[in-house]
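K.L.:
Heads up: the sequence lines are chains A and B, in that order. Numbered by full-length UniProt numbering, the letters in the first sequence go through residues 1 to 322 in order. Numbered by full-length UniProt numbering, the letters in the second sequence go through residues 1 to 322 in order. Backbone N, C-alpha and C define an ideal beta-carbon position, used for all residues, glycine too.
2 protein chains.
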Amino acid sequence: MSKFEQIVKLSGYSRATVSRVINHSPHVNEETRDKIMQIMQQLDYAPNRNAVALSKGRTNQIGIVITSLHEIVLPFMNHFIEAALRYDFQTIIYTTQGDQAKEIQAFEDLRSKRVDGLLIITCVNDPGKLSSYCRYGPIISWQRMRAGQIPSVAMDQGEGYRLGLEHLLAKGITKIANVFGRPDSLNIQSRRLAYESIMKRHGLPVRSDWYRYEVYGMLDGEQAWRSLTAMEEVPEAVLCSNDYAAAGILNEARRHHLAVPEQLAIIGFDDTELSASLGLTTIHNPIKEQAWNAFYDLWNSIGDESVEASQLSFRLVKRQTT
Amino acid sequence: MSKFEQIVKLSGYSRATVSRVINHSPHVNEETRDKIMQIMQQLDYAPNRNAVALSKGRTNQIGIVITSLHEIVLPFMNHFIEAALRYDFQTIIYTTQGDQAKEIQAFEDLRSKRVDGLLIITCVNDPGKLSSYCRYGPIISWQRMRAGQIPSVAMDQGEGYRLGLEHLLAKGITKIANVFGRPDSLNIQSRRLAYESIMKRHGLPVRSDWYRYEVYGMLDGEQAWRSLTAMEEVPEAVLCSNDYAAAGILNEARRHHLAVPEQLAIIGFDDTELSASLGLTTIHNPIKEQAWNAFYDLWNSIGDESVEASQLSFRLVKRQTT
DNA sequence: TTGTAGGCGTTATCAG
DNA sequence: CTGATAACGCCTACAA
């Protein structure tokens, strides 16, 4: 006999009343509640969440789909997890290691009601295929998705990039290199587009020979700068994929006794703690707010209340590297 | 009516038979299986995991308790997650942000059968208190625990430290600084003990004025080295808390044109990818194997099979910084 | 190889 | 405020 049943027997009340006490229903006599509570204590009772989930049709779990736990995504994840927790949702992490089948597993878990919703941070399956899972429950993505597929809270990073570019041009700096991350991502396309259109508008040459790709971390940044200095002409500024890359470039530049920002201006991206501690000029990326928006989006489909997502934008944070 | 019931009705077979097909029981006529499978397809059936879990008394979920997702623990986590997945277990991450109440939540979830077992990576509650949860299910820890509390797969890092020390002494280097992480941790105590006992045995002075604490990342390492160079006498070698700290020290030393290893020898800890790419001498820490052992320990309590954990040890990896 | 009947631990809907 | 009674969706003896 389950402890729940034992409580029913021992207290002499019905299952319904015991359940009411467990769920803090107000429609219970105080004495009754006290008696039942006491018995619960004695029996060291804890509700079985599987039974609750089965009965309620909800698990209060949200899945997070990601290829691999990596530094860059931690802030977003941590904020999302915290948001979920605030609403009494636990998060379950699906690291796929880039394996399509493993990734599908997460979506199957949505189908199987193991999770009430899904957050995609990075996915490797075709978004078209994944979007067919939308009928099993709410899905939101951080990774940018083409329209008509899975909803996303990502922002067009081209917008942020513009801020950095205009800032440099306003200072009279025109020889600008670009250091990118994943070559095929939508964000890189936007960034490149922003750079190229602004340069053209100003009648300046587009230096695609100064593009560097696959630059994610500090070491990548250092290497990227070395490769740029090997060019015939060396740029006076670098717009970076993120703050880590920027930090690497700053490191390498200092090592070669380059004056920053006089000889080399550097702009990071994201406004992480690292950029603050190094005094890097950067583009503030409202990651925390994106994470909360992502959760709200799911919550609006799962729960009954409805929370308005906030409108977000990038912002230039000027520090000592420009 | 649930899809399960629909299948029962449409196929004309009993619940039991349908269940057998779902679970790939061999005791089903092939034709029967085919018919039922076809209906399952048509209905787009997927089993409800909550119902399964309730019925089986097992969720195939394991909880991971950790204060905050951080670079340093990612390798261990990723390996553990992979091990779990191999045995069809999903992992659910409890980030506590150092909040005792949040942490307890994870243990309450063990009690409530939301998870079948728990892995502690870092905990903030008193281990004595937490160990009372052992009766609700298996718990294993990566963080070192004092005997008699919660079982742990952690290794005594003092052993690894010894290897580094002996290596330096064999080279005739005796002015050795120590750069530690969390001051109160058991591992730091072991490391300090290893250092002090070995120095004494060799009749060498114990330089506790060269101890530095709270050194975790690259930036911490850089700062630690600056603080050491400000001393009256400067050490000829540093034993580090981890490879990141070592990388920071290496960076800072190079910036000041110090010859490594001639003027300064550096030994990292863990043998991460970073140490390999930088050519850091380090202590190999079998993290992957620890992660698998951790899972096996849980699995031995949860499942019916039993897997033998492997015996592990540290190993010196000599590269270019000594 | 298949079916019957009962159970897993709660919640929900009524009616009282 | 309280109690019956029926879900929730699936598994598992045991029997046939």
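Hey, out of A:Ile173, A:Val65, A:Ile7 and A:Gly57, whose CA is closest to Asp44 of chain A's CA?
P.N.:
The option with the nearest alpha carbon to Asp44 of chain A is A:Ile7.
K.L.:
Whole angstroms are fine: how far does the CA of Phe180 of chain A sit from the CA of Ala246 of chain A?
P.N.:
Approximately 11 Å, taken between the alpha carbons.
K.L.:
Looking at the C-beta of Ile72 of chain B, does it have a partner C-beta in chain A at a distance below 8 Å?
P.N.:
No, no contact with chain A.
K.L.:
If Arg207 of chain B and Ala237 of chain B are in contact, beta carbons under 8 Å, what's the gap, nearest whole angstrom?
P.N.:
Not confirmed; about 11 Å, so no contact.
K.L.:
Bridge partners of Tyr211 of chain A, per DSSP?
P.N.:
Tyr211 of chain A is bridged to A:Asn178.
K.L.:
Which of the three DSSP states, helix, strand or coil, is assigned to Arg114 of chain B?
P.N.:
The answer is coil: DSSP assigns Arg114 of chain B none of H, G, I, E or B.
K.L.:
Listed in chain order, which residues of the region 132–155 of chain A have Cβ atoms closer than 9 Å to some Cβ of chain B?
P.N.:
Within the region 132–155 of chain A, the residues whose Cβ lies closer than 9 Å to some Cβ of chain B are Tyr136, listed in chain order.
K.L.:
Hey, is the region 108–126 of chain A in contact with the region 65–81 of chain A, meaning 3+ C-beta pairs nearer than 8 Å?
P.N.:
Touching, yes.
K.L.:
Can you tell me which of A:Thr17, A:Trp299 and A:Thr282 puts its alpha carbon nearest to the alpha carbon of Val317 of chain A?
P.N.:
Closest by alpha carbon: A:Thr282.
K.L.:
If we define contact as Cβ-Cβ less than 8 Å, is Met1 of chain A a contact residue for chain B?
P.N.:
Not an interface residue.
K.L.:
Helix, strand or coil, according to DSSP, for Asp109 of chain B in the structure here?
P.N.:
In this structure, Asp109 of chain B counts as helix in the three-state DSSP scheme.
K.L.:
Hey, is Thr93 of chain B's beta-carbon within less than 8 Å of any beta-carbon in chain A?
P.N.:
Looking at the sequence shown, residue 93 of chain B is not Thr but Ile. Interface residue, yes.
K.L.:
Could you give the distance in angstroms between the alpha-carbon of Asn242 of chain A and the alpha-carbon of Gly217 of chain A?
P.N.:
Looking at the two C-alpha atoms, the distance is approximately 8 Å.
K.L.:
Whose C-alpha, out of B:Ala194, B:Lys175, B:Glu273 and B:His284, is nearest the C-alpha of Glu232 of chain B?
P.N.:
Ranking B:Ala194, B:Lys175, B:Glu273 and B:His284 by Cα distance to Glu232 of chain B puts B:Lys175 first.
K.L.:
What are the residues in the region 102–120 of chain A lying within 8 Å of chain B by C-beta distance?
P.N.:
Here the close residues are Lys102, Glu108, Asp109, Arg111, Ser112, Lys113 and Arg114.
K.L.:
Measure the C-alpha to C-alpha separation of residue 326 of chain A and Asn293 of chain A and round it to an integer number of angstroms.
P.N.:
Coverage of chain A is limited to positions 1 through 322, which leaves residue 326 of chain A absent and any answer about it impossible.
K.L.:
Would Val153 of chain B and Asp34 of chain B qualify as a contact pair, given that the criterion is a beta-carbon distance under 8 Å?
P.N.:
In this structure, Asp34 of chain B does not lie closer than 8 Å to Val153 of chain B by Cβ.
K.L.:
So what's Val238 of chain B in DSSP terms, helix, strand or just coil?
P.N.:
Here Val238 of chain B sits in strand by DSSP.
K.L.:
In chain order, what residues of the UniProt domain "HTH lacI-type" (9–56) of chain B put their CB closer than 7 Å to some CB of chain A?
P.N.:
If the cut-off is 7 Å between Cβ atoms, the UniProt domain "HTH lacI-type" (9–56) of chain B has Ala46, Pro47, Asn48, Arg49, Asn50, Ala51, Ala53 and Leu54 near chain A.
K.L.:
Hey, would you say Leu250 of chain A sits closer than 8 Å to Ile267 of chain A, going by beta carbons?
P.N.:
Not in contact: Leu250 of chain A and Ile267 of chain A (Cβ atoms no closer than 8 Å).
K.L.:
For Arg162 of chain B, does the count of other Cβ atoms within 10 angstroms reach 16, so buried, or fall short, so exposed?
P.N.:
With 16 or more Cβ atoms within 10 Å of its Cβ, Arg162 of chain B is classed as buried.
K.L.:
Spell out the partners DSSP gives His284 of chain A in its beta bridges.
P.N.:
For His284 of chain A, which the question treats as bridged, DSSP gives the partners A:Asp270 and A:Arg315.
K.L.:
Please work out which residues of its chain come closer than 7 Å, Cβ to Cβ, to Gly158 of chain A, disregarding the five sequence neighbours upstream and downstream, and give them in chain order.
P.N.:
Closer than 7 Å at Cβ, skipping near neighbours: Ser190, Arg191, Leu193 and Ala194.
K.L.:
Any idea which residues DSSP pairs Ala265 of chain B with across the strands?
P.N.:
BP columns for Ala265 of chain B point to B:Ala237.
K.L.:
I want to verify the contact list: residues of chain A whose CB lies under 9 Å from the CB of Arg226 of chain B, in sequence order.
P.N.:
Correct list: empty, because the minimum Cβ distance to chain A is about 14 Å.
K.L.:
Of all the beta strand (DSSP E) runs that stay within the bounds of the region 151–206 of chain A, which reach a length of 3 or more residues?
P.N.:
Whole beta strand (DSSP E) segments, 3+ residues: 176–179.
K.L.:
In whole angstroms, what is the alpha-carbon distance linking Asp99 of chain A and Thr229 of chain B?
P.N.:
Roughly 48 Å between the two C-alpha positions.
K.L.:
Below 8 Å between beta carbons is the criterion; list the residues of the region 77–88 of chain B that meet it against any residue of chain A, in chain order.
P.N.:
Hits within the stretch, in order: Met77, Asn78, Ile81, Glu82 and Leu85.
K.L.:
On the three-state DSSP scale, how would you describe Ser19 of chain A?
P.N.:
It is helical.
K.L.:
Is there a Cβ of chain B sitting closer than 8 Å to that of Thr59 of chain A, yes or no?
P.N.:
Chain B, which has a Cβ nearer than 8 Å to the Cβ of Thr59 of chain A, makes this yes.
K.L.:
In chain A, what lies closer than 7 Å to Arg255 of chain B by C-beta?
P.N.:
Those within 7 Å of Arg255 of chain B in chain A are Arg255.
K.L.:
Would you mind sorting Ala106 of chain B into buried or exposed? The rule is 16 or more other CB atoms within 10 Å of its CB.
P.N.:
Flag for Ala106 of chain B reads buried.
K.L.:
For a test of the three-state rule: what should DSSP assign to Ile121 of chain B, helix, strand or coil?
P.N.:
Three-state result, Ile121 of chain B: coil.
K.L.:
Using a Cβ-Cβ cutoff of 9 Å, what residues of the region 166–198 of chain B are near chain A? List them in chain order.
P.N.:
Listed in sequence order: no entries.
K.L.:
Just how far apart, CA to CA, sit Thr321 of chain A and Gln223 of chain B?
P.N.:
Rounded to whole angstroms, Thr321 of chain A to Gln223 of chain B spans 21 Å at the Cα level.
K.L.:
Interface residues of chain A around Ser68 of chain B at Cβ under 9 Å?
P.N.:
Under the 9 Å cutoff, chain A gives Leu74 and Asn78.
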